[in-house]
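A.B. asks: If you scroll down you'll find the structure; I have some questions about it.
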Amino acid sequence: MNIDSLRKILNRLGIKYGRPKNKKDKYGRPIQWFDFNCPIAPYLHESGRDSRPSAGAVAAEGSNSSWSCHTCKSSGRITSLIRQIEQFRGVHYPGLMREAEEADMGVPMSEDFGKFEDGLPVETPL
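For reference, each letter of the sequence shown is one residue, going 940 to 1065 in this note's numbering.
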């Protein structure tokens, strides 16, 4: 998932993140790490809050997204974060899961995913 796709998804989730840090993954490939307060801290952290950023997400061109929290030990792809936020907050982000999956697969993200939610027209046989 590239940096622009990750920023767009984090913004839609309402996650405030810091300036990306340039790092390398375990294979020496360049990645960008975004620090943020754990968005599921109210539900999983013992204190119910995250007073300093203990979570973050990775943007790496041509690679799947990932996120992790050092405090509650939650981690996974960005799609797992979306599911957890939807479940805990009781909200739904239409089309966001598809955006994240397509960004991980390297498919360009559409500006308006609402159009996909409506379905495709079906041709009727003559």
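No residue lacks a Cβ here, since even glycine has one placed at the ideal position from N, Cα and C.
Measuring straight from C-alpha to C-alpha, what distance separates glutamine 995 and glycine 1029?
C.D. replies: Within the sequence shown, numbered from 1, the residue matching residue 995 stands at position 56. Within the sequence shown, numbered from 1, the residue matching residue 1029 stands at position 90. The amino acid occupying residue 995 in the given sequence is glycine; glutamine does not appear at that position. If you take the alpha carbons of glycine 995 and glycine 1029, they lie about 22 Å apart.
A.B. asks: Just to confirm before moving on: does the CB-CB distance between tryptophan 1006 and serine 1014 stay below 8 Å?
C.D. replies: Numbered from its first residue, the sequence shown carries residue 1006 at position 67. Numbered from its first residue, the sequence shown carries residue 1014 at position 75. Yes.
A.B. asks: Residue ranges of each beta strand (DSSP E) run of no fewer than 3 residues wholly in the stretch 960-1002, ordered along the chain?
C.D. replies: Complete beta strand (DSSP E) runs here, min 3: 960-963, 969-975 and 994-998.
A.B. asks: Pull up the distance between the alpha-carbon of cysteine 1011 and that of glutamate 1038, whole angstroms please.
C.D. replies: Along the sequence shown, read from residue 1 onward, the residue named residue 1011 stands at position 72. Along the sequence shown, read from residue 1 onward, the residue named residue 1038 stands at position 99. Approximately 26 Å between the Cα atoms of the pair.
A.B. asks: Throw me the rounded Cβ distance for the phenylalanine 975 and lysine 955 pair, which I believe falls under 8 Å.
C.D. replies: What you label residue 975 is simply residue 36 of the sequence shown in a count that begins at 1. What you label residue 955 is simply residue 16 of the sequence shown in a count that begins at 1. About 6 Å; that satisfies the 8 Å criterion.
A.B. asks: Give the DSSP-derived three-state secondary structure of serine 1066 in the structure shown.
C.D. replies: The chain is shown from 940 up to 1065; residue 1066 falls before or after that span and cannot be answered.
A.B. asks: Can you tell which of Asp1043, Ala1042, Glu1040 and Ile1021 has the C-alpha that lies nearest to the C-alpha of leucine 952?
C.D. replies: For the purposes of this step, residue 952 is identified with residue 13 of the sequence shown, where counting begins at 1. If we check each option's Cα against that of leucine 952, Ile1021 comes out closest.
A.B. asks: Sorted by chain position, which residues of the same chain lie with C-beta nearer than 7 Å to asparagine 961's C-beta, five sequence neighbours on each side aside?
C.D. replies: By one-based count along the sequence shown, residue 961 stands at place 22. Excluding sequence neighbours, asparagine 961 sits near Pro969 and Gln971.
A.B. asks: Taking DSSP as the reference, what is the three-state secondary structure of serine 1005?
C.D. replies: Taking the first residue of the sequence shown as position 1, residue 1005 is located at position 66. In the structure shown, serine 1005 sits in a strand (DSSP, three-state: E or B).
A.B. asks: Round the Cβ separation of isoleucine 948 and isoleucine 1017 to the nearest angstrom and send it over; I've been treating them as touching at under 8 Å.
C.D. replies: As a working mapping, residue 948 is identified with position 9 in the sequence shown. As a working mapping, residue 1017 is identified with position 78 in the sequence shown. Indeed they touch by this definition, with Cβ atoms about 6 Å apart.
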